[in-house]
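This report refers to the structure that appears directly beneath it.
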Amino acid sequence: MINQISVSIVEDMADIRQKLQQIIEESEEFICLSSYNTAEKALEELPGLNPDIVLMDIHLPGMSGIDCIKEIKKQCPQMQFMMFTIYENSDEVYEALAAGASGYLLKQTSPEQILLALKELYEGGSPMSTHIARKVVSFFQKENTKNENSSPLSTREKQVLELLSKGFLYKEISDQLFISTGTVRQHIHKIYEKLQVQNRTEAINKFYGRR
Amino acid sequence: MLLRLLTLITFFFFNLITAKCQQASKDSLFALIKTTPENQLKIPVYLEYGKSFQSSNPDSARVYYQKAKALAIKLNDQKSFSKYISYQISLLNQTGKFEEGLALAQKDLAIGKKLNDPKILIAGYNNVANEYEYLADYQQASEYYIKSLKLATDNRDEEMQSRINDNLASVFLWLKDYPLAYKYSTKAFVIAEKRHDTVTMGNCLLNTGVAEIHQKKYKDALLHFSQSEKIGYQIPDMSLVADALSDEGLVYYTTHDLKTAAEKYQQELSITKKYQLPYEELYALFELAVVEKDKKNFLLAESYTSRAIAIGEDLNTPAELMEMYDTMSVIKQKLGKPQEALLFKNKYVAINDSMMNAQIQTNIHHLNIQYHSAQKDKMIAEQNLNIERNKAALEKKNMWLFIFLGGIIALIVILIVSIRSYRHKHNLHRQSLLTLQKQHEVNTLQEKMQAREEERDRIGREMHDDIGSALTTILYLSNDLKSKSGQPDSNIPDKIATTATGVVDKMNEIIWSMNRQYDTLDDLIAYTRQHAVEFLQDHSLNYHFDLPDLIPDVHISGEQRRNIYLVIKESLHNIVKHSEATEVTISFQFEDGIRSCIHDNGKGFETLSLRRFGNGLKNMEERMQRIGGTFEIENTNGTTIRLFSPFTNEESQSTGI
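Protein chains in written order, with numbering that gives the first Met the number 0: chain A, 0 to 210; chain B, 0 to 656.
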């Protein structure tokens with residue numbers, strides 16, 4: 000078999016979980032490793048299983064998806080997380096991204112789109128809504144004022160980020176910057192990584208600060 | 000004027016009654032006393048009734064005089080009081096109580112001065128003078144008589160004029176100025192005769208006669224004396240009769256007709272005894288003594304003299320006693336009683352000295368009094384002056400002090416008051432400002448809260464409308480799928496999916512509009528652009544976004560964001576649904592607010608078709624109005640929609656996300 004992208008699902012709503020599993024199973028490119036209905040179970044097994052992507056619902060009974068990501072990322076930093084969320088504009092999406100997720104999927108997305116997004120994530124591209132872009136921008140602005148170091152973002156990343164924050168679509172950005180939309184997404188991916196790093200650093204600093 | 004009239008009337012009645020009383024007999028007077036009420040008019044009744052007793056029963060006279068006095072005091076009738084004094088003085092004079100008489104007379108004078116009543120003043124001066132005369136102070140007597148006479152002349156009081164003239168005549172007799180005495184007495188008589196004033200006439204005649212005796216006009220003197228005697232019987236005034244007889248005797252004595260002289264004196268004596276006139280009796284006796292002495296009937300003379308001395312000592316008449324002591328000592332000598340003679344001589348000397356002393360003393364006393372009173376006056380005046388000066392100085396000082404203090408106090412008070420009032424005002428002002436500010440803040444907050452609540456309510460309503468309708472749609476669609484009748488619509492699953500997706504999108508919108516962190520113009524534009532472009536791209540429309548290079552960093556409310564976004568969204572949906580356009584331009588301007596223009600190159604709208612999506616347009620208009628803005632739509636080579644929503648004051652504050 001060709002290298003299939005392994006996916007694990009963490010979703011408490013049975014119908015949706017089963018449907019997701021079905022979608023992934025029906026795709027030849029993907030394979031569903033496991034599915035859980037709680038974060039705790041996922042936390043137990045995922046580090047051992049080490050899937051390529053974890054499709055995780057933000058709202059889970061017990062431990063939230065965000066906390067779960069934080070925990071697993073400590074053990075498996077390279078594990079990719081795709082947040083599964085109903086609402087794009089909720090703050091939780093940003094939080095998840097800042098915590099370690101690399102992308103998000105709206106639950107209303109069609110099955111084909113879901114697979115596309117998963118593939119894109121695997122290839123290093125991330126989606127970013129205008130909103131998330133704006134939040135990221137403001138985060139990095141705050142960071143800039145704190146450190147006198149120059150922004151960790153590259154020029155391109157800054158450009159992409161700015162256009163995204165203004166409501167430009169990927170296509171528009173790619174047209175403007177003369178890059179492909181794939182490249183746009185990859186830039187976004189990088190931005191998330193840097194965001195997470197910054198976030199973690201901040202958390203550590205805070206943590207250290209408490210000591 | 001009225002007062003004068005009243006006094007005249009009262010006096011008229013008073014005199015009338017007095018006259019009547021004088022005419023009336025004792026019995027009728029008594030009857031009057033019984034009948035007359037205790038008013039002013041009873042006083043003369045009392046006085047006249049009392050006078051009727053004056054000769055016979057002085058005590059009774061005094062009683063009625065006192066009654067008159069009491070009534071006058073009770074009625075506070077000074078005039079009547081003055082009348083009483085006149086009567087009382089005559090009584091006192093009769094009993095030789097000249098000192099008392101003088102005191103009383105001076106009281107009368109005081110009343111006259113107080114009331115400034117000429118009648119009383121005249122009588123007062125006259126009475127005082129009279130007493131001084133009895134007291135042998137002829138200088139004072141004459142002074143007062145002259146004062147009285149002057150007033151009487153000024154007031155044309157003829158009665159008093161005649162009496163005073165007569166009194167002056169008797170004073171001059173004492174002063175042994177016989178021509179003057181004659182002058183005044185005859186003058187008085189003329190006036191008295193004119194007035195038929197028999198009493199005064201009688202007295203004048205006596206004085207005239209005495210003057211004439213000394214002028215050796217014996218026949219005239221006798222004539223006048225007998226005239227006076229007759230008048231005395233007429234009035235009746237027995238003392239006048241006695242006096243007249245005494246004077247007649249004097250004439251005969253002077254003309255050495257001792258026998259007739261003695262007869263006259265005997266007559267006098269009997270009258271004085273009968274009518275109880277001790278003073279006159281004294282004279283009668285002494286005159287008889289002198290006659291008998293001259294007749295060398297020393298024993299008889301001795302007897303008469305001793306009787307006279309007895310009365311004199313009883314009445315305490317020093318002048319008469321002096322002469323009598325002297326005569327007695329001579330008689331005693333003649334009788335061969337040298338010790339008794341010496342005794343009486345000593346008595347004489349004693350009285351003489353005392354009289355002289357008295358005189359001198361009186362004079363000295365007078366002078367003393369005058370001097371002292373003058374001194375006192377001077378001292379008092381000086382003291383007063385000093386006091387006044389000091390007072391003035393002190394007052395001045397005090398005044399300045401007060402002014403100064405007052406000024407300072409006033410300044411302080413003004414200062415305090417003004418500071419207070421300023422502070423108060425300031426406080427009030429500040430407070431009112433604060434209050435206003437707070438009020439304003441509260442109001443604004445309240446407005447805000449209310450607006451937010453209203454917005455939430457609206458969102459809630461829209462939400463449950465949308466969700467409700469979507470779910471119902473899904474329900475129906477799934478029912479359709481379930482239905483066994485006929486072929487199910489193959490589009491149903493898509494339709495269900497679309498419906499469900501729509502609801503989720505709606506939720507997203509709501510989340511976005513309610514999240515306050517997105518309350519910026521930047522965010523609105525970004526969000527709008529994202530969705531608008533996506534939508535237009537999905538529907539294969541060419542689009543053009545026109546934004547100014549710089550988007551102002553302005554804070555706008557969630558309500559504003561939502562409504563503007565929804566209106567634009569609705570407009571785009573309309574374009575897609577109805578306009579058959581191929582290109583859409585969305586432009587923004589942010590000078591005074593959010594201005595947006597959506598233009599499509601479609602077929603425009605007809606007024607008819609407006610009704611079809613009438614609600615939608617109305618809805619959009621309402622949305623814009625809710626945020627204080629405007630919505631316009633027009634046909635311009637297609638359709639142009641213009642939106643405007645102004646920035647509010649708060650929105651001018653720049654915020655950073």
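Think of the CB as a built atom: it goes at the ideal place given N, C-alpha and C, for glycine as much as any other residue.
Chain A within 7 angstroms of residue i, Cβ atoms only
i	result
TRP511 of chain B	yes
LEU642 of chain B	no
GLN559 of chain B	no
GLN529 of chain B	yes
VAL416 of chain B	no
TYR475 of chain B	no
THR500 of chain B	yes
SER653 of chain B	Note on SER653 of chain B: pLDDT 45, under 50, position unreliable in the model; no value is reported.
ALA525 of chain B	yes
ILE656 of chain B	In this prediction, ILE656 of chain B has a pLDDT of 38, which is less than 50 and means its spatial position is unreliable; what the coordinates show is noted afterwards. Yes, ILE656 of chain B counts as interfacial toward chain A.
VAL503 of chain B	yes
GLU650 of chain B	A caution first: GLU650 of chain B carries a pLDDT of 48, below 50, which makes its placement in the model too unreliable to give a value.
Residue span of the beta strand (DSSP E) that contains residue i, given as start and end
i	result
THR639 of chain B	638 to 645
GLN588 of chain B	582 to 588
CYS596 of chain B	592 to 599
SER59 of chain B	Per DSSP, SER59 of chain B belongs to no beta strand (DSSP E); it is in the alpha helix (DSSP H), 57 to 73.
Simplified DSSP assignment, three categories, for residue i
i	result
ILE52 of chain A	strand
TYR103 of chain A	strand
LEU540 of chain B	coil
LEU549 of chain B	coil
THR94 of chain B	coil
LEU120 of chain B	helix
LEU150 of chain B	helix
MET287 of chain A	Given that chain A is displayed from residue 0 to residue 210, the structure contains no residue 287 of chain A and the question cannot be resolved.
HIS428 of chain B	helix
SER417 of chain B	helix
SER477 of chain B	helix
ILE163 of chain B	helix
ASN507 of chain B	helix
TYR217 of chain B	helix
LEU663 of chain B	Nothing about residue 663 of chain B can be reported from this structure: the residues present for chain B run from 0 to 656 only.
Residue i beta carbon near the ligand MG (any heavy atom closer than 6 angstroms)
i	result
LEU54 of chain A	Within the structure as shown, the ligand MG is missing, as the structure has no ligands at all.
Residue i and residue j closer than 7 angstroms at C-beta
i	j	result
LYS505 of chain B	LEU476 of chain B	no
ASN206 of chain B	SER184 of chain B	yes
GLN140 of chain A	THR500 of chain B	no
SER161 of chain B	ALA187 of chain B	yes
ILE52 of chain A	LEU117 of chain A	yes
ALA98 of chain A	ILE65 of chain A	yes
LYS292 of chain B	ILE330 of chain B	yes
VAL209 of chain B	LEU172 of chain B	yes
ASN88 of chain A	TRP511 of chain B	yes
ALA13 of chain A	ILE57 of chain A	no
THR304 of chain B	ALA288 of chain B	yes
GLU142 of chain B	ARG194 of chain B	no
MET62 of chain A	ALA38 of chain A	yes
Within-7 angstroms CB hit, residue i to chain B
i	result
GLN175 of chain A	no
GLY208 of chain A	Note that GLY208 of chain A scores 47 on pLDDT, short of 50, meaning its location in the model is unreliable and no value can be drawn from it.
GLN79 of chain A	no
GLU87 of chain A	yes
THR200 of chain A	no
THR129 of chain A	yes
GLN17 of chain A	no
LEU219 of chain A	In the structure as shown, chain A starts at 0 and stops at 210, and residue 219 of chain A therefore has no counterpart that could be examined.
LYS157 of chain A	no
Residue i, enclosing alpha helix (DSSP H) - first and last residue
i	result
VAL240 of chain B	237 to 253
GLU98 of chain B	97 to 114
PHE297 of chain B	297 to 314
ASN562 of chain B	557 to 573
TYR177 of chain B	177 to 194
Compile a chain-ordered list of the residues in the segment 177 to 196 of chain A whose CB is closer than 9 angstroms to at least one CB of chain B.
-> Correct list: empty, as no residue qualifies.
According to a CB-to-CB cut-off of less than 7 angstroms, which residues of the segment 441 to 473 of chain B neighbour chain A?
-> Going along the segment 441 to 473 of chain B in chain order, one finds no residue with a Cβ nearer than 7 angstroms to chain A.
The segment 530 to 554 of chain B: which residues have C-beta closer than 9 angstroms to a C-beta of chain A, in chain order?
-> Listed in sequence order: HIS530, ALA531, VAL532, GLU533, GLN536, PHE544, LEU546, ILE550.
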